[in-house]
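In terms of this note's numbering, the sequence shown is residues 1 to 481.
Cβ atoms here follow ideal geometry from the backbone N, Cα and C, with glycine treated the same way.
Just so you know, these numbers come straight off a predicted model, no measurement behind them.
Taking it in order: structure first as C-alpha cells, then the write-up.
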Amino acid sequence: MNPNRFLLPSAALCSALAAQGPDFLLTYSQVETTLSGSNGTSLAVLNPNEIAHLEYSNGPCSTLSAEKWSPRACFHAMAGDEDTTALYWNPTIFGSIDALLEGTPTSPVAGVNPRTVYVSPSVAMGNGVSGVNQLRPGDIGRIVRTSAGDGQVEYFITQEQINNALGIALTTPIDVDAAEWLPGTGVFLSLDADYTVMTPCGPVLLQDGAIFVIEDSMITWTPDFRVAATVPASAAVVYSEAQMDTFVTNAGVTDRNGNCLTQAVDVESLAFDWSGSGNAVVLCAGLAVWVPDLLFSVETGTGASVLTTAAAGSIYNHLCSSMGRPCGGGPTFGPQTGIQATSTTLGAPSYVNSLLATWTMRYSMEARIPVLNSFPNGLPVGATLLDINSPAPLNMVFVTLVPAGFNAVPSSFPAFPFSLFGFPDYYPLPTPYMPTATVNGTATFPSFAIPPNFPVKILFQAAGIVNGQVELSTPAILDIL
C-alpha cells in the first residue's frame, strides 16, 4: 500500500457522468403516499421495503411524483417463499431497504431494473430458497437466477468483506445504512452503529453519522464489478460525524416541523453529486483520498430532504426543485421528493432511506389483496383488482401457474431481445388473460373466478409496446388458499 496515494480517476468520472441520469430511485423510512395519488390505486402507497421512482427526465416538473417502481410483489416473485411459510406474500420482507446501488446487468439488457439493482435490508431475508447465501443487513446484494435456480442472492459486497476492510471481527453484525460506488474510486459506506475500527491512520471511532471509503486499490473485483475481496484494515473515514453535522448545519435545511437542522445523527443515503467537483480529503499525514461531492440524506431530515457536500454543505437543487426548504421558510413538506405532506402545516414523516441516481423505466404491478381464500365457496371474478404502473397505452396481461409449497420459487427465463428497459424475465408458460388500457399512467384489471376449495398460486405479468419495443412489467403473485 502506497501511503502517498491520491485517487484521480478522471476516466471513470467521465464515464459516470455520461451514465448518470437526472432521475432517482429511492426509498422512505415510513409508509408514504405518492404525490400524484396514482389514480386512487394501490400503487399510491409506498412502503419502506419498496423502491420508488422519481422521474425528472420525462414530463414537466408539475407532474413530478415518486411512483412505485419495484413493489414488494416483485421481490416476492424473485425471492420465492424465502421465509418458509408456503406463501409467496411476505409483507415485511427486508424490513426496509436501507441502501441502493446500481450494478451491471445479469443478462444482456440495456436498462436498470429490479434484477440489476443491489439492496441492503434492515432485516435479513429468509434463506428458505437461497440457502447459505442469505441477504443480511451487513450485505448489499440482489436476487438473481443462477445455475442453482431462481431466488438466489448475488452479493455486491458482504458483511465479512466490509468488516475485513474495517479491521474488525468478520462475525461482527453490522447494518449498512448508505452506499455508493464508482470503479476507479471505491465503495463509500455508512453504518447504523458506532464501531472502533482500524484504518491506515490508526484506530478510529467510526460513528453512525460518518462516511468511510474502501478505495478501489484496496478491492479485488470480479469480472462483473462485484467485490471479491478487500485488504484488511484498509477503509478510510473520509467524513466524521462532526463533519457531516457541519455539512447539515451549513445546508440550512428544515425538517417536517420547520426546525432548522444542525445534526445528521445517522447518514441514511448516498449518491454522487456530479454537478459538484469533489476534492482531495487529507486523512492523516501523507495520506489523502479523492472524494466526489456526495448527495446524502440524514435521519433528522424528515420531510424527505436531500443535501449535498458541495459548497461545504447545501440543499441539493435539481432540475425541478430545491430538495429541501431553507431555514426560515417553513417545513420541508415532501413534494420535492415526490410524496405528499401530512398536512398544510406538517411535512411527510419520512427521511429518504436510500437513493440512487439513474435513468430507468417504470412498469410495475401489484395486487390489492395478494392472499385470497377459496374455501369453501370459491372466488368470483374481481375478488381482487391488480394495478399496473404502465408506460404503454395498452397492456396485455398474462397468467401462469407457479409452484406451491414450502420454499417454492417461480422459474423465470430471459426475455431478451425483448424488455430491454422493463423487467428482464418472463415466467412460463404465459397464457393471455385480458388486454387492459392505461389511463393517466395506470391500468387496473380484475382477477378471474376460482372454483371452491382450489388452492393455487397464480403469477400475473403484463406486456406492452413502449417506443416500438415490447416491454414487460414486474410480476405479481396471488396466493390462493
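Sort out for me which residues DSSP pairs V187 with in a bridge.
By 1-based counting over the sequence shown, the position of residue 187 is 187. Its beta-bridge partners are W181 and I214.
Can you name, in chain order, every residue of its own chain whose Cβ lies under 6 angstroms from the Cβ of A73, other than the five neighbours on each side?
Indexing the sequence shown from 1 puts residue 73 at position 73. Taken in chain order, the residues that qualify are E366 and A476.
Can you list, in chain order, the residues of its chain with a C-beta nearer than 7 angstroms to that of V248? Leave out the 5 residues immediately preceding and following it.
Taking the sequence shown and counting its residues from 1, the one referred to as residue 248 is at position 248. Only L261, T262, Q263, A264, V298, L307 and G313 meet the Cβ criterion.
Counting only the same chain and skipping the five closest in sequence on each side, list residues whose C-beta sits under 8 angstroms from that of T384.
Taking the sequence shown and counting its residues from 1, the one referred to as residue 384 is at position 384. Only A367, R368, I369, P370, L372, P446, S447 and L478 meet the Cβ criterion.
Using the three-state DSSP reduction, which class does L481 fall into: helix, strand or coil?
Within the sequence shown, residue 481 is the residue found at index 481, counting from 1. Reduced to three states, the DSSP call for L481 is coil.
Status (buried if at least 16 other CB within 10 Å, exposed otherwise) for P137:
Within the sequence shown, residue 137 is the residue found at index 137, counting from 1. P137 comes out buried.
For the alpha helix (DSSP H) containing L346, list its first residue and its last residue.
Stepping through the sequence shown from its first residue, residue 346 is reached at position 346. Here L346 belongs to no alpha helix (DSSP H), and DSSP marks it neither H nor E.
Skipping 5 residues on each side, what residues in its chain have a beta carbon closer than 8 angstroms to that of G80?
Residue numbering aside, residue 80 sits at position 80 when the sequence shown is read from its first letter. If we look at G80 and ignore the five residues flanking it on each side, its Cβ neighbours are Y88, G128, V129, D150, G151, N407, A408, V409 and P410.
Could you work out which residue in T431, G303 and L270 is closest to I458 when comparing CA atoms only?
Residue mapping note: residue 458 aligns to position 458 of the sequence shown, counting from 1. Here the closest residue by C-alpha is T431.
How many Å lie between M361 and G184 at the Cα?
Residue numbering aside, residue 361 sits at position 361 when the sequence shown is read from its first letter. Residue numbering aside, residue 184 sits at position 184 when the sequence shown is read from its first letter. Cα-Cα distance, rounded: 28 angstroms.
Pick from T302, H318, A357 and T358 that is closest to P331, judged by C-alpha positions
Along the sequence shown, one-based indexing puts residue 331 at 331. Ranking T302, H318, A357 and T358 by Cα distance to P331 puts T302 first.
Per-residue DSSP class, three states only, for D245
The residue labelled residue 245 in the question sits at position 245 within the sequence shown. D245 falls in the helix class under three-state DSSP.
If we count Cβ pairs, one from each stretch, closer than 8 angstroms, do we get three or more for the region 324-339 versus the region 268-285?
no
Between the C-alpha atoms of Q243 and S234, what's the straight-line distance to the nearest angstrom?
Locating residue 243 in the sequence shown gives position 243, where the first residue counts as 1. Locating residue 234 in the sequence shown gives position 234, where the first residue counts as 1. Taking the straight line joining both Cα atoms gives about 21 angstroms.
On the three-pair Cβ rule with 8 angstroms, is the region 158-165 touching the region 110-128?
no
Can you give me the C-alpha to C-alpha distance between P380 and I450, rounded to a whole angstrom?
Within the sequence shown, numbered from 1, the residue matching residue 380 stands at position 380. Within the sequence shown, numbered from 1, the residue matching residue 450 stands at position 450. Looking at the two C-alpha atoms, the distance is approximately 7 angstroms.
Check for me: the beta strand (DSSP E) holding E154 runs from which residue to which?
In the sequence shown, the residue the question calls residue 154 occupies position 154. Its beta strand (DSSP E) spans residues G149 to I157.
For A148 and T63, what's the separation of their Cα atoms in angstroms?
As a first step, residue 148 is located in the sequence shown; it is residue number 148 there, counting from the start. As a first step, residue 63 is located in the sequence shown; it is residue number 63 there, counting from the start. Looking at the two C-alpha atoms, the distance is approximately 43 angstroms.
In chain order, which continuous runs of the alpha helix (DSSP H) of length 4 or greater are located wholly inside the region 414-475?
none
Could you say which of G347, D98, I219 and V144 lies nearest to N113 if we only look at CA atoms?
Within the sequence shown, residue 113 is the residue found at index 113, counting from 1. Answer by Cα proximity: V144.
For a test of the three-state rule: what should DSSP assign to G532, helix, strand or coil?
What the structure shows of the chain is the stretch from 1 to 481, and residue 532 is not part of that stretch, so it cannot be assessed.
Does the beta-carbon distance from V204 to V197 come in below 8 angstroms?
Counting from 1 along the sequence shown, the entry for residue 204 is found at position 204. Counting from 1 along the sequence shown, the entry for residue 197 is found at position 197. Their beta carbons are under 8 angstroms apart, which means V204 touches V197 by this criterion.
As a quick exercise: from R142, S96 and N133, pick the residue whose alpha carbon is nearest that of Y118.
As a position in the sequence shown, residue 118 is number 118, starting the count at 1. When each option's Cα is compared against that of Y118, the closest is R142.
Taking just the CA atoms, how far does A311 sit from P9?
The sequence position of residue 9 within the sequence shown is 9, counting from 1. The sequence position of residue 311 within the sequence shown is 311, counting from 1. With a pLDDT of only 36 at P9, under 50, the local geometry of the prediction cannot be trusted, and the value read off the model is given with reservation. Answer to the nearest angstrom: the Cα atoms are 21 angstroms apart.
Confirm, please, whether the CB-CB distance from R256 to P349 is below 8 angstroms.
Within the sequence shown, numbered from 1, the residue matching residue 349 stands at position 349. Within the sequence shown, numbered from 1, the residue matching residue 256 stands at position 256. Yes; because the gap between Cβ atoms is below 8 angstroms, this pair is in contact.
Residues that DSSP places opposite D23 in a beta bridge
Numbered from 1 along the sequence shown, position 23 holds the residue referred to as residue 23. For D23, which the question treats as bridged, DSSP gives the partners T358.
Looking only at C-alpha atoms, which of P452, P232 and G334 sits nearest to G167?
Start at 1 with the first residue of the sequence shown, and residue 167 comes out as number 167. Comparing Cα positions, the closest option is P232.
Three-way DSSP call (helix, strand, coil) for H76 in this model:
Mapped onto the sequence shown, residue 76 falls at position 76. Note: H76 maps to helix in three-state DSSP.
Could you give the C-beta distance for T442 and N389, rounded to a whole number, given that I count them as a contact under 8 angstroms?
Taking the sequence shown and counting its residues from 1, the one referred to as residue 442 is at position 442. Taking the sequence shown and counting its residues from 1, the one referred to as residue 389 is at position 389. Between N389 and T442 the Cβ distance is about 6 angstroms, and since that is below 8 angstroms, they are a contact.
If we count the other Cβ atoms within 10 Å of its Cβ and call it buried at 16 or more, is L401 buried or exposed?
The sequence position of residue 401 within the sequence shown is 401, counting from 1. With fewer than 16 Cβ atoms within 10 Å of its Cβ, L401 is classed as exposed.
Kindly identify the DSSP beta-bridge partner or partners of Y28.
Taking the first residue of the sequence shown as 1, we reach residue 28 at position 28. Paired residue(s): V352.
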